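Colleague: Would you mind keeping the following structure in view while I ask a few things?
Residue numbers (this note's numbering): 419 to 658.
Here's what the structure looks like:
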């Protein structure tokens, strides 16, 4: 029998630092809820808005798979591996922090905010060599379909991570139905609604709502509004 946990958008943690406005699905920084520490290996899902010219100064990470999905604007990335890049809407960025990495992320523009999703997962291999990658996606591939953007495999579609995880993005016309079948039955799926309204396995979700489900083989997805956008994150439920 399927298990579910629903996180309505308004129940997320909230941080307003002036230059940074962030909503936290799971406990993060000064937001702590013992019932919302993680969903399986999914540790962080932050919905960030960064003011023009501002950003995150150089800081360290280790043993974490870090994924960034820009929703609007230009985000400039620099790290101690020698990477200096800009990620934009339709890009996906991944860092395997491994033995340790330092990086900064700044809004490249002074006159417009940047919005992006910041996602952390616990890895299935510790102390790996740090690495960085980013790709540009073709938005047409997610129109009324689920576009794979992340997997565990280097030779598969999208970026890859040190974890048995698959991420998909979809953008749907109103009334369109689709099915997502889990790659690994022992995994769960965390659904995050980027825009609009959807029904997932009978659960009505609105913009920025999250739904975690496990002990399930597939998700039945119906778009209840025009242009509904969704991110599916299939992840292992056991921390190892």
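Beta carbons: idealized from backbone N, C-alpha and C, even for Gly. These numbers come from a predicted model, not from an experiment.
Who pairs with residue 646 in a beta bridge, going by DSSP?
Modeller: 590, per the DSSP bridge assignment.
Colleague: Compare the C-alpha of residue 629 against each of 484, 576 and 652 and name the closest.
Modeller: 652
Colleague: For residue 452 and residue 620, I'd like the C-alpha separation in whole angstroms.
Modeller: 27 Å
Colleague: Buried or exposed for residue 554, going by 16 or more other Cβ atoms inside 10 Å?
Modeller: exposed
Colleague: State the start and end residues of the unbroken beta strand (DSSP E) segment that holds residue 583.
Modeller: Per DSSP, residue 583 belongs to no beta strand (DSSP E) and is neither H nor E.
Colleague: Just how far apart, CA to CA, sit residue 498 and residue 518?
Modeller: 10 Å
Colleague: Assign residue 557 to one of three DSSP states: helix, strand, or coil.
Modeller: Three-state DSSP puts residue 557 in a helix.
Colleague: Have a look at residue 597 and residue 606 and give me their C-alpha separation to the nearest angstrom.
Modeller: 15 Å
Colleague: Just checking my contact of residue 483 with residue 524 at CB under 8 Å: how many whole Å lie between their CB atoms?
Modeller: In fact, because the Cβ distance is near 22 Å, the residues do not count as touching under 8 Å.
Colleague: Got a sec, what are the start and stop residues for the beta strand (DSSP E) residue 435 sits in?
Modeller: Premise fails: residue 435 is in no beta strand (DSSP E) and is neither H nor E.
Colleague: Consult DSSP for residue 575 and reduce its assignment to one of helix, strand or coil.
Modeller: Residue 575 falls in the coil class under three-state DSSP.
Colleague: Can you list the alpha helix (DSSP H) stretches of 4 or more residues lying completely in the region 499–552, in chain order?
Modeller: Whole alpha helix (DSSP H) segments, 4+ residues: zero.
Colleague: Under a three-way DSSP split, which group does residue 475 fall into?
Modeller: strand
Colleague: For the beta strand (DSSP E) containing residue 495, name the first residue and the last one.
Modeller: Its beta strand (DSSP E) spans residues 492–497.
Colleague: Here's the rule I'm using: 16 or more other beta-carbon atoms within 10 Å means buried, otherwise exposed. How should residue 592 be labelled?
Modeller: exposed
Colleague: List the endpoints of the continuous beta strand (DSSP E) containing residue 622.
Modeller: 621–623
Colleague: When the Cβ atoms of the region 496–516 are set against those of the region 533–551, are three or more pairs found closer than 8 Å?
Modeller: yes
Colleague: Quick one: Cα of residue 502 to Cα of residue 550, how far?
Modeller: 11 Å
Colleague: What's the gap between the Cα of residue 456 and the Cα of residue 448?
Modeller: 15 Å
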